[in-house]
Amino acid sequence: MDAQLTAFVGVAAAMVALPGADFTVVVRNALASRAAGVATALGVAGGLLVHTALAVAGLAAVLVAVPVLFRTVQLLGGAYVLYLGISALYAARRRIGPGPEAGPGEEGGARAARGTGRALRQGFLTNALNPKAPVLFLSLLPQFVPAGAAPLPRTLLLAAIVVVLALIWFPAVALLVDRLGRWLRRPRTARAIEGGSGAALTALGLVLVTGPLLH
445 MDAQLTAFVG
455 VAAAMVALPG
465 ADFTVVVRNA
475 LASRAAGVAT
485 ALGVAGGLLV
495 HTALAVAGLA
505 AVLVAVPVLF
515 RTVQLLGGAY
525 VLYLGISALY
535 AARRRIGPGP
545 EAGPGEEGGA
555 RAARGTGRAL
565 RQGFLTNALN
575 PKAPVLFLSL
585 LPQFVPAGAA
595 PLPRTLLLAA
605 IVVVLALIWF
615 PAVALLVDRL
625 GRWLRRPRTA
635 RAIEGGSGAA
645 LTALGLVLVT
655 GPLLH
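Numbering (our numbering), first residue to last: 445 to 659.
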């Protein structure tokens, strides 16, 4: 691995691990169940895959260059994160104990499947609607393409590294939360985490909805 690629791995790892809406949603859903947490993590990685594909295709450049399109994505992303935050605050207010367990038999299995699908969708949309991601990828990826190198293969490699790092980091977070679940799912602790994640997501959503353009 060349020095430039090694440096990119470090930068990308820090970027992926930086706490934000993705991290908060993964932690919150992992409190419900291990399956929901892992599904959310996979959804986040799927959202990153969308952003990296757009960056490779050059479409992200169009998004960033057209303020109206960028602002539309910003508003959609902010509104969705705000919705997740308000939902979490409402759930924290109602919470009096651990989340309800799935019932026995087919009904419990169907409920668990619906919850996993919803968690996957939440992870995907939280990341895919993040308006900062196109700017980040467009500014970051070209910095690690060596002069004289074919840009497409190198950019594909860099994009793949980001997705692989997300596939490692976010499921690990979900599994760690589940591992600590006995303590984290205590009614008082779970309510505090739910409320804290709701407040963080609400604040992030308000910043995206009311903030100025990010470029």
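Yeah, the Cβ is synthetic: ideal placement off N, Cα and C, and Gly gets one too.
- The residue among 632, 621 and 650 with its C-alpha nearest the C-alpha of residue 467 is 621.
- Residue 533 and residue 646 do touch by the CB rule: their CB atoms are close to 7 Å apart, below 8 Å.
- Within a 10 Å sphere around the beta-carbon of residue 469 sit 16 or more other beta-carbons, which makes this residue buried.
- Residue 566 holds the alpha-carbon nearest to the alpha-carbon of residue 481 among 649, 492, 606 and 566.
- Where residue 446 is concerned, there is no enclosing alpha helix (DSSP H), because DSSP gives it neither an H nor an E.
- Between the beta-carbon of residue 460 and that of residue 606 there is about 7 Å, and that keeps the pair under the 8 Å contact cut.
- Residue state for residue 594 is assigned as coil, using DSSP reduced to three classes.
- Here the alpha carbons of residue 575 and residue 632 stand approximately 34 Å from one another.
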